[in-house]
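In this text, residue positions in the sequence shown follow the numbering used here: the first is 480, and each later residue adds one.
Using N, Cα and C, we set each Cβ at its ideal position, and we do this for glycine too.
Beneath this line is the structure, given in structure tokens, with notes to follow.
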Amino acid sequence: MSKVCEICGKGPSFGNNVSHANNKTRRIWYPNLQKVKAISNGAVRSVKVCTRCIRSGSVTKAL
Numbered sequence: 480m481s482k483v484c485e486i487c488g489k490g491p492s493f494g495n496n497v498s499h500a501n502n503k504t505r506r507i508w509y510p511n512l513q514k515v516k517a518i519s520n521g522a523v524r525s526v527k528v529c530t531r532c533i534r535s536g537s538v539t540k541a542l
């Protein structure tokens with residue numbers, strides 16, 4: 480199951496957890512993806528889209 484927005488291509492970003500003792504362990508931040516029924520190429524289909532694309536109006540939702 481891919482964690483990538485189908486509109487903007489936003490995917491996971493990587494970094495470190497940093498403890499109070501300055502120990503560093505790897506971690507991942509995932510984008511906030513939602514399954515939305517949207518109109519694409521004149522047809523209604525289910526797409527995985529990040530919330531920023533939904534909020535900015537990049538997606539036309541199906542009624």
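Given residue i as reference, the closest of the options once Cα atoms are compared
| i | options | result |
| --- | --- | --- |
| Arg534 | Asn520, Tyr509, Arg506, Gln513 | Gln513 |
| Gly508 | Ala517, Phe493, Ile518, Ala500 | Here residue 508 is Trp; the residue named in the question, Gly, does not match the sequence. Looking at the Cα atoms, Phe493 is the closest of the given residues. |
Residue j beta carbon less than 8 Å from that of residue i
| i | j | result |
| --- | --- | --- |
| Val523 | Val538 | no |
| Arg506 | Asn520 | no |
| Gly490 | Val497 | no |
Bridge-paired residues (DSSP) for residue i
| i | result |
| --- | --- |
| Cys529 | Leu512 |
| Val497 | Lys503 |
| Ala541 | For Ala541, which the question treats as bridged, DSSP gives no partner whatsoever. |
| Ser492 | Trp508 |
Coarse secondary structure for residue i, derived from DSSP in three states
| i | result |
| --- | --- |
| Ser535 | helix |
| Ile486 | coil |
| Ser519 | strand |
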